[in-house]
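Enquirer: Structure in C-alpha cells, see below.
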C-alpha cells in the first residue's frame with residue numbers, strides 16, 4: 069500500500085541547534101515533494117518545493133534534500149529559534165490534482 | 402496579492418443538522434480550489450477539488466458535498482452531519498495553470514455533538 073511517514077510525532081531541540089525532520093514514502097513516484105509549516109489552529113503555509121531531479125534546495129535557514137532512490141526527504145532548520153516551533157508537513161505530488169500529506173512532525177525549540 | 406478566506410472559524414453543530422462552510426479567494430482568477438479535512442494527528446485528507454465554476458471532483462465518498470457557484474467561491478455542505486464529520490476543514494487554492502503549490506486558508510474547526 070502507499071504510505072508517507074514522518075519521523076516521530078515530536079522533536080525537541082535546543083535553540084541554536086539544527087533540526088532535522090524526515091519524510092519517508094513507499095509506493096509513490098512523486099514528481100516533487102513539498103514542505104509546509106502549520107501552527108496550532110491555523111492552515112499550513114508553504115515553505116519549499118523540491119523536484120525529483122533536484123538533490124537539494126535551500127531557502128534562508130531551511131534546507132531540503134530529496135533522495136528518490138531511498139524514497140526519503142530530509143528537512144533541516146539551521147540555527148533553530150523558539151519561533152520555529154510548529155508542526156511541519158511533508159507533501160508528495162502524485163499526479164493530477166492529488167497531493168498526499170504526511171501527518172506532520174511537531175518541532176519544539178527550547179530557549 | 403492573493404488572499405483566501407474561510408468562515409466560520411469555529412462551529413459546533415448537533416448530529417443531523419446541516420452544514421455550510423464557505424471559502425473565497427481574492428486577487429487571482431480561475432484558481433483550482435480544494436477542500437481538505439484534518440483529523441487530530443492525521444494528514445490532510447483531500448475531500449473535493451474544482452478546476453472551474455460548477456466543476457467538482459470528489460475524492461472520498463461521504464455525506465459531504467461541494468459546490469463552486471462563482472469563480473473564487475467554494476462551498477462545503479452537508480444535509481445531515483455525523484459525529485465522524487468533526488475535524489479541521491481547510492480550503493486551499495493553486496494557480497489555474499499549476500497544481501503544485503497550494504495556499505491554505507485559516508481553516509474551520511467543526512465539532513459535531
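Chains as they are written, first to last, in the working numbering: chain P, 69 to 179; chain G, 402 to 514.
Note that beta-carbon positions come from the ideal geometry of N, C-alpha and C, so glycine has one too.
Predicted model only: the values in this text are computed from it and were never measured.
Cβ of residue 84 of chain P less than 8 Å from any chain G Cβ?
Expert: No, its Cβ sits nowhere closer than 8 Å to a Cβ of chain G.
Enquirer: Below 8 Å on the Cβ atoms is my guess for residue 487 of chain G versus residue 513 of chain G; work out the distance and round it to an integer in Å.
Expert: About 5 Å separates the two Cβ atoms, so the contact holds.
Enquirer: Counting only Cβ pairs nearer than 9 Å, list the residues of chain P close to residue 357 of chain G.
Expert: What the structure shows of chain G is the stretch from 402 to 514, and residue 357 of chain G is not part of that stretch, so it cannot be assessed.
Enquirer: For residue 150 of chain P, which residues in the same chain have their Cβ closer than 8 Å to its Cβ, ignoring the five residues on either side in sequence?
Expert: So the list reads 83, 177, 178 and 179, once near-sequence residues are dropped.
Enquirer: Within 8 Å of any Cβ in chain P, is that where the Cβ of residue 433 of chain G sits?
Expert: It does: the Cβ of residue 433 of chain G has a partner Cβ on chain P nearer than 8 Å.
Enquirer: DSSP three-state call for residue 472 of chain G: helix, strand or coil?
Expert: Residue 472 of chain G: coil per DSSP, three-state reduction.
Enquirer: Looking at the secondary structure, which residues open and close the beta strand (DSSP E) in which residue 405 of chain G lies?
Expert: 404 to 408 is the extent of the beta strand (DSSP E) around residue 405 of chain G.
Enquirer: When the cut-off is 8 Å and only beta carbons count, does residue 96 of chain P lie next to chain G?
Expert: False, the Cβ-Cβ gap to chain G never drops below 8 Å.
Enquirer: Indicate whether residue 511 of chain G and residue 434 of chain G have their beta-carbon atoms separated by less than 8 Å.
Expert: Their beta carbons are not under 8 Å apart, which means residue 511 of chain G does not touch residue 434 of chain G by this criterion.
Enquirer: For residue 418 of chain G, which of G:403, G:477, G:483 and G:431 has the nearest alpha-carbon?
Expert: It is G:483 whose Cα lies nearest to the Cα of residue 418 of chain G.
Enquirer: Counting only runs that start and end within the region 94 to 123 of chain P, where is the alpha helix (DSSP H) found for 4 or more residues in a row?
Expert: As far as the region 94 to 123 of chain P is concerned, it has no whole alpha helix (DSSP H) run of at least 4 residues.
Enquirer: Under 8 Å, do residue 171 of chain P and residue 74 of chain P count as touching if we go by C-beta distance?
Expert: Cβ atoms of residue 171 of chain P and residue 74 of chain P: closer than 8 Å.
Enquirer: So with Cβ pairs under 8 Å, would you call residue 166 of chain P a contact of chain G?
Expert: Residue 166 of chain P counts as touching chain G.
Enquirer: Taking only three categories from DSSP, how would you classify residue 501 of chain G?
Expert: Reduced to three states, the DSSP call for residue 501 of chain G is coil.
Enquirer: For a contact defined as C-beta to C-beta under 8 Å, what are the partners of residue 171 of chain P on chain G?
Expert: Within chain G, the residues near residue 171 of chain P are 442, 443 and 444.
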